[in-house]
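As structure tokens, the structure follows; a few thoughts come after it.
What follows is the structure in structure tokens.
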């Protein structure tokens with residue numbers, strides 16, 4: 011056997027398998043990678059009162075990348091990273107543990123458990139526009155901040171959950187108007203949330219909730235937001251993905267206490283009814299009212315801003331060809347009721363909502 | 030004095046009352062609760078979170094379900110992601126450390142089952158809401174329930190060693206009963222071997238496989254996608270051409286679509302449960318199969 015043949019045989023028998031193994035095996039495993047999902051929202055709108063270029067027509071509203079995985083026997087870590095046309099932000103990054111009987115702990119950056127609408131991600135909003143009172147109180151997308159929450163399921167015969175939270179000092183910003191930035195050591199913005207749920211029958215539940223989010227501002231003033239909510243929900247067990255309805259109402263007010271001087275800065279409410287009339291079809295109607303509204307619900311600062319006493323009615327219809335996509339057509343009419351000539355915001359919106367990959371189920 | 034007598038009497042009655050079950054078991058399906066109760070016997074109380082007439086894919090994750098399992102010792106999941114749309118909320122929401130995933134009290138009942146229709150290659154939702162780990166409706170095959178019974182006996186024995194002998198004996202008895210019943214069901218279904226049928230969803234495949242039937246098609250065009258009139262017409266034409274006469278559906282599916290398809294194909298549609306509790310006749314796993322086999326045999330033989 012020639013030298014070349016021996017060399018070839020040696021390479022074939024010994025070296026090629028080593029190279030092949032090096033290509034197919036790795037000391038870096040992806041088996042414990044987190045579950046990953048992404049949602050994307052696209053919005054088109056038309057409104058005669060919006061005159062700025064770009065304020066009407068199609069736009070990219072938001073994308074959200076979600077990851078979640080078990081860290082170890084004690085902790086689970088989740089993250090939600092949102093992107094819009096101009097920026098990306100770690101909207102939530104938090105760890106939870108269920109290792110303590112009766113109590114669920116959450117630590118990190120997350121939405122505080124305030125009320126009903128305030129805990130929803132944008133893609134889960136039942137109406138394209140958040141209720142006006144949200145941006146006047148805890149923020150359009152809820153109060154997102156670093157902190158620690160403990161949610162205790164009380165031993166009462168019905169589902170009664172008491173959540174206590176403490177958060178980082180934070181100043182008012184474009185996401186929320188809450189001034190909780192007093193540097194004093196005793197300023198720990200805190201949350202108290204009580205949630206009760208009763209089964210009225212096997213298809214219908216009633217939820218009653220109350221929330222208090224309180225802190226001190228740099229001005230030394232005690233600021234707080236209070237909320238109450240009620241939700242009656244019907245999901246026929248025999249047709250749980252075909253029919254059902256949700257009747258929901260929420261009242262929120264933002265107040266401050268400067269020594270003994272009480273100031274109700276803003277308040278408002280909404281009431282909505284959503285009806286599922288087929289596996290692929292939902293529709294809804296919502297009425298709402300905001301008092302002393304200071305946020306700009308037109309999202310268009312140089313156009314007419316609706317503030318003060320504002321009323322709005324919204325109606326929509328949603329088509330869900332599968333669990334992972336949705337098209338929502340919505341009409342909203344808002345007007346001021348301040349005594350003078352009314353200002354109007356009158357718009358039609360069409361939203362496309364897509365989900366790929368793993369997406370954790372939404373809370374009931 | 031009378032109050033004192035009454036109090037003593039109450040205490041005596043309380044002492045004479047049998048102790049609570051050793052294991053509190055909760056399951057995601059009625060079939061699993063039925064097996065757990067049979068295997069656990071007097072040592073176990075078993076409840077199911079999903080009613081039999083409820084689509085197990087879409088159970089509303091009500092907080093009352095979390096409350097119901099707050100003190101459970103064992104939770105038995107059907108596995109293969111059938112309950113993946115609601116269990117990720119309900120289990121952590123229970124705040125019960127004993128039944129969290131990874132703990133001894135959390136059981137995946139699909140372990141050891143020979144899973145059908147495991148996808149090969151890429152899983153795409155273009156094919157509908159497919160189950161990436163394979164068909165999770167293994168509880169429509171009686172033989173698979175024997176595997177589950179043995180599995181639960183092992184789990185219960187680990188968690189409650191004092192009664193391990195009873196759990197083992199109960200599982201053995203359950204499996205013997207199942208074998209005897211299965212022989213009878215096979216005999217009833219033998220004349221229909223190879224007969225094609227249409228199901229609403231692919232939740233009857235294990236039954237079809239066990240009893241040598243043939244799946245011709247489904248009422249829904251793809252998993253989780255509702256049928257449209259054109260699809261129903263095309264399927265009906267194909268059924269008529271192939272001589273397929275039977276369409277079966279579950280209580281939680283669209284009966285109208287199934288009836289329309291059967292009518293167009295000049296066949297019949299019948300409602301049968303796939304889960305225990307799906308219909309009043311399906312009180313446990315044995316009566317469930319009694320009812321399914323009896324109903325299919327009757328309709329496949331032309332109602333004779």
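Residue numbers (the working numbering), protein chains in the order written: chain A, 11 to 374; chain B, 30 to 333.
In this text, a Cβ means the ideal position worked out from N, Cα and C, and glycines have one as well.
Can you grab the Cα-Cα spacing for the pair residue i / residue j, in whole Å?
i                      : j                      : result
residue 328 of chain B : residue 297 of chain B : 8 angstroms
residue 150 of chain B : residue 160 of chain B : 13 angstroms
residue 364 of chain A : residue 53 of chain A  : 12 angstroms
residue 203 of chain B : residue 170 of chain B : 15 angstroms
residue 280 of chain B : residue 40 of chain A  : 41 angstroms
residue 241 of chain A : residue 216 of chain A : 6 angstroms
residue 254 of chain A : residue 284 of chain A : 8 angstroms
residue 207 of chain A : residue 169 of chain A : 5 angstroms
residue 80 of chain A  : residue 144 of chain B : 26 angstroms
residue 210 of chain B : residue 308 of chain B : 20 angstroms
residue 318 of chain B : residue 140 of chain B : 22 angstroms
residue 306 of chain B : residue 118 of chain B : 24 angstroms
residue 291 of chain A : residue 330 of chain A : 6 angstroms
residue 379 of chain A : residue 194 of chain A : As shown, chain A starts at 11 and ends at 374. That puts residue 379 of chain A outside it, with no answer to give.
residue 320 of chain A : residue 239 of chain A : 20 angstroms
residue 176 of chain B : residue 99 of chain B  : 27 angstroms
residue 334 of chain A : residue 134 of chain A : 12 angstroms
residue 287 of chain A : residue 229 of chain B : 20 angstroms
residue 247 of chain A : residue 302 of chain B : 15 angstroms
Mind checking if residue i is an interface residue toward chain E, Cβ cutoff 8 angstroms exclusive?
i                      : result
residue 125 of chain B : No chain E appears in this structure, whose protein chains are A and B.
Tell me which residue opens and which closes the alpha helix (DSSP H) that residue i is part of.
i                      : result
residue 287 of chain B : 284-293
residue 60 of chain B  : 59-69
residue 266 of chain B : 258-271
residue 97 of chain B  : 92-97
residue 124 of chain B : Note, residue 124 of chain B: premise wrong, no alpha helix (DSSP H); not H, not E.
If you reduce the DSSP assignment to three classes, tell me which class residue i lands in.
i                      : result
residue 244 of chain A : strand
residue 42 of chain A  : coil
residue 33 of chain A  : Here the model assigns residue 33 of chain A a pLDDT of 48, short of 50, so the residue's position is not dependable, and the following value carries that caveat. Residue 33 of chain A falls in the helix class under three-state DSSP.
residue 225 of chain B : strand
residue 322 of chain A : strand
residue 83 of chain B  : coil
residue 121 of chain A : strand
residue 214 of chain B : helix
residue 240 of chain B : coil
residue 329 of chain B : helix
residue 298 of chain A : strand
residue 314 of chain B : helix
residue 143 of chain A : helix
residue 202 of chain A : strand
residue 331 of chain A : strand
residue 154 of chain A : strand
residue 91 of chain A  : strand
residue 102 of chain A : strand
residue 207 of chain B : helix
Quick one: is residue i buried, meaning 16 or more other Cβ sit within 10 Å of its Cβ, or exposed?
i                      : result
residue 279 of chain A : buried
residue 99 of chain A  : exposed
residue 167 of chain A : exposed
residue 263 of chain B : exposed
residue 235 of chain A : buried
residue 285 of chain B : exposed
residue 231 of chain B : buried
residue 341 of chain A : exposed
residue 273 of chain A : exposed
residue 300 of chain A : buried
residue 83 of chain B  : buried
residue 97 of chain A  : exposed
residue 223 of chain B : exposed
Terminal residues of the continuous beta strand (DSSP E) containing residue i?
i                      : result
residue 1 of chain A   : Nothing about residue 1 of chain A can be reported from this structure: the residues present for chain A run from 11 to 374 only.
residue 365 of chain A : 354-367
residue 216 of chain A : 214-226
residue 174 of chain B : Segment 171-188 is the alpha helix (DSSP H) holding residue 174 of chain B; no beta strand (DSSP E) there.
residue 267 of chain A : 254-268
I'd like to confirm something about residue i: is its beta-carbon nearer than 7 angstroms to some heavy atom of the ligand ZN, or not?
i                      : result
residue 337 of chain A : Absence of the ligand ZN is noted for the structure shown, with no ligands found whatsoever.
Interfacial residues, the stretch 73-96 of chain B to chain A, with Cβ spacing under 8 angstroms: Taking 8 angstroms as the Cβ-Cβ cut-off, the stretch 73-96 of chain B approaches chain A at 80, 82, 83, 84, 86, 87, 88, 89, 90, 91, 92, 93, 95 and 96, given in chain order.
Interface positions of the stretch 320-347 of chain A facing chain B (Cβ-Cβ less than 7 angstroms), listed along the chain: Of all residues in the stretch 320-347 of chain A, 332, 333 and 334 have a Cβ within less than 7 angstroms of some Cβ in chain B.
Residues of the stretch 100-122 of chain A whose Cβ lies closer than 8 angstroms to any Cβ of chain B, in chain order: Taken in chain order, the members of the stretch 100-122 of chain A whose beta-carbon sits within less than 8 angstroms of a beta-carbon on chain B are 106, 108, 109, 110, 111, 112, 113 and 114.
Proximal residues, the stretch 189-210 of chain A versus chain B, C-beta separation under 7 angstroms: The stretch 189-210 of chain A vs chain B, Cβ under 7 angstroms: 207 and 209.
Residues, ordered as in the chain, of the stretch 247-258 of chain A that lie near chain B by beta-carbon distance below 8 angstroms: When C-beta distances to chain B are compared with 8 angstroms, the residues of the stretch 247-258 of chain A below that value are 247, 248, 249, 250, 251 and 252, in chain order.
Near-chain B residues of the stretch 118-152 of chain A (beta-carbon distance less than 7 angstroms), N- to C-terminal order: From the stretch 118-152 of chain A, no residue has a Cβ closer than 7 angstroms to chain B.
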